[in-house]
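S.K.:
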Amino acid sequence: MKRFLASLLILTSLPAFAEVTMPAFFTDGLVLQQGKPVAIWGKAAADENVSVTFAGQTKVTQADLEGKWRVTLDALPANATPAELTVVGKNTLTLKNILVGEVWLCSGQSNMQWMVSQSANPEQEMAAAHFPQIRMFSVERATAMEPAADVKGTWKEASPANVGQFSAVAYFFGRHLHQVLKVPVGLINTSWGGTRVEAWTSRESLEERPCAAQLLSDWEGTRQSYDADAEAKKFEAAKATWKEQVKVIQAQNEKQPASPKKEIPAAPRPTDDPNKTPHYPAVLFNAMVAPLIPYTLQGAIWYQGESNQKRAFQYQELLPNMINDWRTRWNEEFSFYIVQLASFGNGQPTTKDAGAADTWAELQEAQYLTAITLPKTGLAVINDIGEEKDIHPKNKQEVGRRLALWALAKDYGKTSTVPSGPLFKNSIIEGSQVRIQFDYAGGGLKTRDGGELKHFQIVGADQKWVWAQAKIEGQEIVVSSPQVSAPVGVRYAWAAWPEGANLINAEGLPASPFRTDEFILSTMGVTSPFQEVLKAVR
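Quick note, the sequence shown lines up with residues -18 to -1, 1 to 520 if you use mature numbering (1 follows the signal peptide of the UniProt record, and there is no 0).
(1) Can you look up Thr68 in the DSSP assignment and give me helix, strand or coil?
(2) Would you check whether the ligand MN has a heavy atom nearer than 8 Å to the C-beta of Glu202?
(3) If you count every other CB in all the chains shown that lies within 10 Å of the CB of Glu325, and 16 or more means buried, which is it?
(4) What's the call for Thr509, buried or exposed, on a 16-neighbour Cβ count within 10 Å?
(5) Nearest to Ile80 by alpha carbon, out of Pro129, Thr68, Val13, Val20?
(6) Does the beta-carbon of residue 571 have 16 or more other beta-carbons within 10 angstroms, so that it is buried, or is it exposed?
(7) Could you tell me whether the Cβ atoms of Gly83 and Ala60 are closer together than 9 Å?
(8) How is the beta strand (DSSP E) around Lys164 delimited, first residue to last?
(9) By DSSP's criteria, Asp421 is part of a beta bridge. Which residues make up the other side?
(10) For Pro142, count the other beta carbons within 10 Å of its own beta carbon; 16 or more makes it buried, fewer makes it exposed. Which is it?
(11) When the distance is taken between beta carbons, is Ile367 closer than 9 Å to Glu347?
(12) Less than 8 Å between the CB atoms is what I'm expecting for Val85 and Ser33, so what's the real figure, rounded?
(13) Starting from Ser120, follow its DSSP beta bridges and name the residues at the other end.
(14) When you compare the stretch 378 to 392 with the stretch 89 to 104, are there three or more beta-carbon pairs, one atom per stretch, that lie closer than 8 Å?
(15) Who are the near neighbours of Ala131 in its chain, counting only those whose CB is closer than 7 Å to its CB and skipping five residues on each side?
(16) Looking at C-alpha atoms only, which residue of Ala493, Asn73, Val466 is the closest neighbour of Gly413?
(17) Identify every run of the alpha helix (DSSP H) within the stretch 210 to 293, keeping only runs that are complete inside it and at least 4 residues long; order them along the chain.
(18) Is DSSP giving Val179 helix, strand or coil here?
(19) What span of residues does the beta strand (DSSP E) with Asn487 cover, start to end?
(20) In this structure, does DSSP put Trp137 in helix, strand or coil?
(21) Return the first residue and the last residue of the beta strand (DSSP E) that Ser462 is part of.
(22) Could you pull out every residue in the same chain whose Cβ sits closer than 7 Å to the Cβ of Gly425, ignoring the five residues on either side in sequence?
(23) Are there 16 or more other CB atoms within 10 angstroms of the CB of Glu299, so buried, or fewer, so exposed?
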């Protein structure tokens, strides 16, 4: 009797006229993943029979008591000829212009959100965008305190009319794959500027991470104590005070005969509603990732980290945790390629003392550590294309290409493709010098400008860092300084803006910033903090 009443309650909660429906991304123009079983799902009336027909296959299922249904198509070959997919229940849905090829999820903050129209050479890129087999689904930005069932957005073809609004990194990544593989490419862009990695991670996963305990507690406290009316009054008072300040400054500047004039302070901003802000843990996962699961993918590309820079050490745990979280929920260890932050001056002096602390470099290190630790990951190093005064480097074409190199080498069997510049592998102390070994030295190590290696530092047990001399010996670098007779560590490009850093491989790809002192100290009996992180996330 209890089971009957429960079923009756579920049935009466469903719409009276329950047509077969599908999530927003199952629409005309979508791209399905080739070579893997493909998940198709939606809603219908409870117990309704539903059939899905595509590419000569018909799969039949029955909706559950909540009206949810799902089928899995057998693996499909790539197909650039538009086809139809039909879903039949009490009503019929027909999706048109469907292609089969490679599907990638593209996520992160503003540098992933950054559009083709904002990148380098936008007019030429938009005019040349005649790629009907490249499609992008841009998820409308939203937040949610609980996992949502659907997103808003539409599939669009890469055309001069559309491509200006595409994520630039995602588009240039997809374009390179399409031109090499000669198959359709589908790109799902789910990104939001200024956001943090914890917002893209599920609440359940964050609750399992000790490093996120205080983060979750602080945000929950903020949410519980938030008073919208009181905050609105505070904002209005601050705005009134600011307006009076502006009047005074403007009056003073009018009396000032010449420059310099006093600057007008920035206008106050209202406090974010913690129930709506995109910075709250899990809210972007809930609204912009969870509804996409289990859409069949080949992998994901990720460009984020700027907003976590001041908590770089914590990012060593949060980023691999998010990757593992997504893979667990998709029930697949899909490929995941990370863009390492580009160099950025941030208004700071371009030349710092050797050994200076730098959280930007620490964030780059966290990305590197994640990429060399988790399986099926890679790191697109872009230190050479950063802009000193702009956190959004415009050369998104090269960012997309370098991400595509990883996919071509690791996902698509292009074994002759070198996917990366030199990545630190090991260091060996040889008397007064340190020998550095690399992965991805490619056709050999060299300098970008043909001159001497720059931006290497070296340190002894006294922890007094000095600028070092470095020379190339085959596939290795030897670092030394007459000031350090017994070195224990080396750093390269360890700064937000490492001016002159010039180590590349013969393929022209730059070396990632690195430091050996954490690893060297571990050999001296001092545990590297990252070793415990690795144990936690594996």
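All C-beta atoms, glycine included, are put in the ideal place defined by N, C-alpha and C.
M.R.: According to the structure shown:
(1) strand
(2) Within the structure as shown, the ligand MN is missing, as the structure has no ligands at all.
(3) It is worth fixing the name first, because residue 325 is Ser in this sequence and not Glu. So Ser325 counts as buried.
(4) At Thr509 the pLDDT is 42, less than 50, meaning the model places this residue with poor confidence; the figure from the coordinates comes in the next sentence. That one is exposed.
(5) Val13
(6) For residue 571 there is no data in the structure shown, the boundaries of the chain being -18 and 520.
(7) yes
(8) Taken as a continuous stretch (DSSP letters only), Lys164 belongs to no beta strand (DSSP E), as it is neither H nor E.
(9) Leu405
(10) exposed
(11) no
(12) Incorrect: roughly 23 Å between the Cβ atoms, too far for contact.
(13) Asn171
(14) yes
(15) Pro273
(16) Val466
(17) 210 to 237
(18) helix
(19) 485 to 487
(20) strand
(21) 458 to 462
(22) Asn487, Ala488, Glu489
(23) buried
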